[in-house]
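Quick notes on the structure that follows.
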Amino acid sequence: MQEPLRFKVVVPSVLKVGEEFCVRVKAVGQVRDAPWVAYGEFGADPMAGRYNLSPRGIRMKDDVPLGWTGVVEVEGNCGLRGPDHLSLGRSGGNWSSSGEWLRKLPRPLGKFCGFKFTEPGVGRLVLREPRTGAVGVSNPAEVVEYEPTYRLYWGDLHCQTFFSDGLGCPEELYR
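Sequential numbering of the sequence shown, starting at 4, is according to my numbering.
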């Protein structure tokens, strides 16, 4: 079983002082090939699937340390209030799995709510796993004393690959 090397931590980019928010966390480990199998639902690896290998030989990758479970410590500034520990790879806080086959191995990622900043400024959260030393720092959050006129939302480009109804590989999308 892999250990996490770091954590991706995402918080809303604009918050009002005292506004409750959720933190999204993903443990990141070594990048590995997601295995190709004709019938992935019956394999031991929940990431195995029939679409993990392109006709050009390009393989899908996964960087989540499958099977890892742990407790991370939470620190923050701007008068952060909320849980001081989060459990990853267990049922509490983790996104639910779709399908019994994916529940075989826990994926250490999740959404954890109940946080708020009590002081204005630029807020950040730091997550630390004490046994491995893996650390994750959130994106900055502008914490303001008034109701924000505008919020900043993040997204990604919508692209089609051979995994759905497109032609190219994910690696070719941004060329």
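Glycine included, every Cβ here is placed at the ideal spot set by N, Cα and C.
Around the beta carbon of R110, 16 or more other beta carbons lie within 10 angstroms, which makes this residue buried. In the three-state reduction of the DSSP assignment, E145 falls in the strand class, which pools E and B.
Around the C-beta of G117, fewer than 16 other C-beta atoms lie within 10 Å, and the residue is accordingly described as exposed. For G21, there is no enclosing beta strand (DSSP E), since its DSSP letter is neither H nor E. C-alpha of A37 to C-alpha of E132: approximately 25 Å in a straight line. Around the Cβ of G136, a 10 Å sphere holds fewer than 16 other Cβ atoms; the residue is exposed.
With distances taken between CA atoms, T121 lies nearest to G79 out of L155, Y156, G79. Per DSSP, F120 is not a residue of any beta strand (DSSP E), being assigned neither H nor E.
When the beta-carbon positions are compared, R35 and D65 come within less than 7 Å of each other.
A direct Cα-Cα distance of roughly 38 Å separates D87 from R62. Classified as exposed, L155 has fewer than 16 neighbouring CB atoms from the shown chains inside 10 Å of its CB.
By the neighbour-count criterion, in which a residue is buried when 16 or more other Cβ atoms sit within 10 angstroms of its Cβ, P68 is buried.
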